[in-house]
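Engineer:
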Amino acid sequence: MAEPLLRIESLAKQFGGITASDDITLSLEPGELHAVIGPNGAGKTTLISQLAGEIPPDAGQVFFAGHDITALRPDRRAARGLARSFQITSLFPDFTALDNVALAVQAQAGHSFRFWRDARRDPALREPARAALAGVGLGDRADTIVSAMSHGEHRQLELAMALATKPRLLLLDEPMAGLGPEESARVVTLLRGLKGSLAILLIEHDMDAVFALADRITVLFYGRIIASGTPDAIRADAEVRRAYLGPAAGGRDG
Amino acid sequence: MTARITPRNAAVVALLIILALVPVYCALTGGTFALSLFTRIVIFALAAVALNLVMGFGGMVSFGHAAFLGLGGYTVGILAKEGVGSGFVQWPLALLVSALFALGVGALSLRTRGVYFIMITLAFAQMAYYVASGLDRYGGDDGLTIYHRSTFAGVIDLSNKTQFYYLCLALLIAAVYLVSRLVNSRFGLVIQGARSNERRMRALGFPTFRYKLTCFVISGVLCGLAGVLLANHTDFISPAIMHWTRSGDLIVMAVLGGMGTVMGPVIGAVTLLLLEEGLSRVTEYWPIILGPLILLVVLFARGGIDGVLARPGRG
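Top line first, the protein sequences correspond to chains A and B.
According to numbering that gives the first Met the number 0, the residues represented by the first sequence are 0 to 253, in order.
According to numbering that gives the first Met the number 0, the residues represented by the second sequence are 0 to 314, in order.
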């Protein structure tokens, strides 16, 4: 069997007495869109942070493209093609939108020990950044300072930055959180267009979007995988309905 | 962007013209006091520009930059006492010593952030201070008189006060130009990105530590150069140059003038040292006036004097 792009083996993480990840094992094929859903506090963001390298797991391993990356620093993982977006917008507020994306491009353009040339006039950085901005529908906002942009625009910018690093695997932490229906629809269209060309691990509470986009869905409940399978299988799963999709569900992460 | 005539640009140009004309003024009036004062101002402006590279652009508040003034100065002083008077030896060695110190201090202190970074840089500077105080052969607490300024045979005569002043001014302008290129380069954007959101920088794939360390070393070398100039200017070096209040002065200069721009610290150094000079003639309790003035700038003019000048231009 061919090695999957991402393989997570028995990942475990505890914070004090709280189990955030409990023996999580799952894999992503190249080009697959894999959604992770679950109620608040299920450990979804903790999972992403462990995959991105910001939180070390207590036990278990993470393999990316066949290599064990469990001990790698976040910047090393990013250099290998693993990009993340943040649930709580994480940008450079004093810079323009274009500056933000250009930094993402620069991150993948070799080392930055270049001291003389004006990076803001470097077409090798600015052109791909403009294209990435246009790709998420922010083409006409390139020169706007980020702190003056709306929440919805920040979410789109997050996405543009993650994409500008040309990742092989995109970790998306609630890209639609706080978006209006129109903006959400735009993100869904964008993700559908990306599907196939790169693997995406998507955390999202918008179930319409999840079931429309995902090839496979994994359901987390108190850090443990209670179900994993195709959207149809998940929809039919009795335990999932009871734990999450049932009438009592519907809360959102802050 | 094209250069426009804004109040800020006008002020910067006026400042440079005034700085360039100081020796002319002295030649016309026959006094040398202004020349000496402005030499000192220009040297401290260089140190403040150096500090602001790490503090204003890199977000690394170093409370120990006076150590570099001392390292540069003591290298010149010690070599002079040991009979090595050539600037071609003294100056590169002084910059090398500053770079190595910055490398060591930076490698340790940059693993921390915020108030811990401030305290560690302060601690290293205090160590340097006490080491200098213990150098009995080189004057200990009393300091060391430098009988001959660095010699650059056939190039420039530093004992000529006008030539020395113009050298300091040229080095300041060169440093300002260097830093302004630096902060807009790829390297500079990484430094500024790390100030703004280091976690995000790492997630994008930047190994931020090595860039910050490089920035710290460049800043240390520039500040060491200011120390070299200062020792040559005063013909004297003592541990007092490394006292923590000196590091504080440099921070005040940068904050007062404006940390957001390369020229801000120059404006701050000129303002602070002229105010000190002027107020100390009016009253011996001049810090009572200076303190509240600085407070007002910090409270009501976040971008410093430079920020206030730039505001109308931004529209």
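Backbone N, C-alpha and C define an ideal beta-carbon position, used for all residues, glycine too.
Can you give the Cα-Cα distance for residue 300/B and residue 157/B, rounded to whole angstroms?
Structural biologist: Position 301 of the second sequence, counting from 1, holds the residue named residue 300/B. Position 158 of the second sequence, counting from 1, holds the residue named residue 157/B. Spanning the two alpha carbons is a distance of roughly 39 Å.
Engineer: Whether or not the region 218-228 of chain B and the region 85-105 of chain B are in contact is what I'm after, with contact meaning three or more pairs of Cβ atoms, one per stretch, closer than 8 Å; do they touch?
Structural biologist: yes
Engineer: Could you tell me whether any non-hydrogen atom of the ligand SAM is closer than 7 Å to the CB of residue 133/B?
Structural biologist: No copy of the ligand SAM appears in this structure; indeed no ligand is present at all.
Engineer: Can you have a look at residue 71/B and say buried or exposed, based on whether 16 or more other CB atoms are within 10 angstroms of its CB?
Structural biologist: Stepping through the second sequence from its first residue, residue 71/B is reached at position 72. By the 10 Å Cβ count, residue 71/B comes out buried.
Engineer: Under a three-way DSSP split, which group does residue 301/B fall into?
Structural biologist: Numbered from 1 along the second sequence, position 302 holds the residue referred to as residue 301/B. Correct three-state label for residue 301/B: coil.
Engineer: Can you name the residues that DSSP bridges to residue 228/A?
Structural biologist: Position 229 of the first sequence, counted from the start, is the residue given in the question as residue 228/A. Paired residue(s): 216/A.
Engineer: Helix, strand or coil for residue 31/A? Go by DSSP, reduced to three states.
Structural biologist: Against the first sequence, residue 31/A aligns to sequence position 32. Residue state, collapsed to three classes: coil.
Engineer: Sorted by chain position, which residues of the same chain lie with C-beta nearer than 8 Å to residue 151/A's C-beta, five sequence neighbours on each side aside?
Structural biologist: For the purposes of this step, residue 151/A is identified with residue 152 of the first sequence, where counting begins at 1. Excluding sequence neighbours, residue 151/A sits near 177, 178, 179, 182.
Engineer: Give me the residue from 40/B, 218/B, 8/B with the minimum Cα distance to residue 232/B.
Structural biologist: By one-based count along the second sequence, residue 232/B stands at place 233. Here the closest residue by C-alpha is 40/B.
Engineer: What's the gap between the Cα of residue 296/B and the Cα of residue 57/A?
Structural biologist: Within the second sequence, the letter at position 297 stands for residue 296/B. Within the first sequence, the letter at position 58 stands for residue 57/A. When rounded, the distance between both Cα atoms is 49 Å.
Engineer: Tell me the rounded alpha-carbon separation between residue 185/A and residue 138/A.
Structural biologist: Within the first sequence, the letter at position 186 stands for residue 185/A. Within the first sequence, the letter at position 139 stands for residue 138/A. Approximately 14 Å, taken between the alpha carbons.
Engineer: Look at residue 302/B and residue 259/B and say whether their C-beta atoms are less than 8 Å apart.
Structural biologist: Counting from 1 along the second sequence, the entry for residue 302/B is found at position 303. Counting from 1 along the second sequence, the entry for residue 259/B is found at position 260. If you check the CB distance, residue 302/B and residue 259/B come in under 8 Å.
Engineer: Residue 154/B versus chain A: which residues are under 9 Å apart at the beta carbon?
Structural biologist: Here residue 154/B refers to the residue found at position 155 when the second sequence is read from its first residue. Result: empty, since nearest Cβ-Cβ is about 26 Å, beyond 9 Å.
Engineer: Counting C-beta neighbours from all protein chains within 10 Å, is the total for residue 305/B 16 or more, i.e. buried, or is it exposed?
Structural biologist: Looking up residue 305/B in the second sequence gives position 306. That one is buried.
Engineer: Which ranges would you report for the alpha helix (DSSP H) in the region 167-196 of chain A if only whole runs of at least 4 residues count?
Structural biologist: 180-193
Engineer: Mind listing, in chain order, the continuous alpha helix (DSSP H) runs of no fewer than 4 residues lying wholly within the region 162-223 of chain B?
Structural biologist: 185-203
Engineer: Using a Cβ-Cβ cut-off of 7 Å (strictly less than) and excluding sequence neighbours within five positions of residue 3/A, which residues of its own chain qualify?
Structural biologist: If you number the first sequence from 1, residue 3/A lands on position 4. For residue 3/A, where only same-chain residues beyond five positions count, the Cβ hits under 7 Å are 26, 27, 28.
Engineer: Name the DSSP beta bridge partners of residue 67/A, please?
Structural biologist: Here the question's residue 67/A lines up with position 68 in the first sequence. The partner list for residue 67/A (beta bridge, DSSP) reads 62/A.
Engineer: Quick check on residue 220/A - is its C-beta less than 8 Å from some C-beta in chain B?
Structural biologist: As a position in the first sequence, residue 220/A is number 221, starting the count at 1. Cβ-Cβ to chain B under 8 Å: no for residue 220/A.
Engineer: Quick check: residue 64/A and residue 203/B, are their CB atoms within less than 8 Å of each other?
Structural biologist: Here residue 64/A refers to the residue found at position 65 of the first sequence. Here residue 203/B refers to the residue found at position 204 of the second sequence. Going by C-beta atoms, residue 64/A is not nearer than 8 Å to residue 203/B.
Engineer: I want to verify the contact list: residues of chain A whose CB lies under 7 Å from the CB of residue 189/B, in sequence order.
Structural biologist: Translated into the one-based positions of the second sequence, residue 189/B becomes position 190. Those within 7 Å of residue 189/B in chain A are 111.
Engineer: Specify whether the region 180-199 of chain B and the region 91-101 of chain A touch according to this definition: at least 3 beta carbon pairs, one from each stretch, less than 8 Å apart.
Structural biologist: yes
Engineer: What is the DSSP secondary structure of residue 145/B, reduced to helix, strand or coil?
Structural biologist: In the second sequence, residue 145/B corresponds to position 146, counting from 1. Three-state DSSP puts residue 145/B in coil, outside helix and strand.
Engineer: Output the distance between the C-alpha atoms of residue 18/B and residue 280/B, rounded to the nearest integer angstrom.
Structural biologist: In the second sequence, residue 18/B corresponds to position 19, counting from 1. In the second sequence, residue 280/B corresponds to position 281, counting from 1. Straight-line Cα distance between these residues: approximately 22 Å.
Engineer: At what residues does the alpha helix (DSSP H) containing residue 125/B begin and finish?
Structural biologist: Taking the second sequence and counting its residues from 1, one reaches residue 125/B at position 126. According to the DSSP assignment, residue 125/B belongs to the alpha helix (DSSP H) that extends over 113-132.
Engineer: Let me know if residue 115/A comes out buried or exposed under the rule of 16 or more other beta-carbons within 10 Å of its beta-carbon.
Structural biologist: If you number the first sequence from 1, residue 115/A lands on position 116. With fewer than 16 other Cβ atoms within 10 Å, it is exposed.
Engineer: Quick check on residue 116/A - is its C-beta less than 8 Å from some C-beta in chain B?
Structural biologist: What you label residue 116/A is simply residue 117 of the first sequence in a count that begins at 1. Closer than 8 Å: yes.
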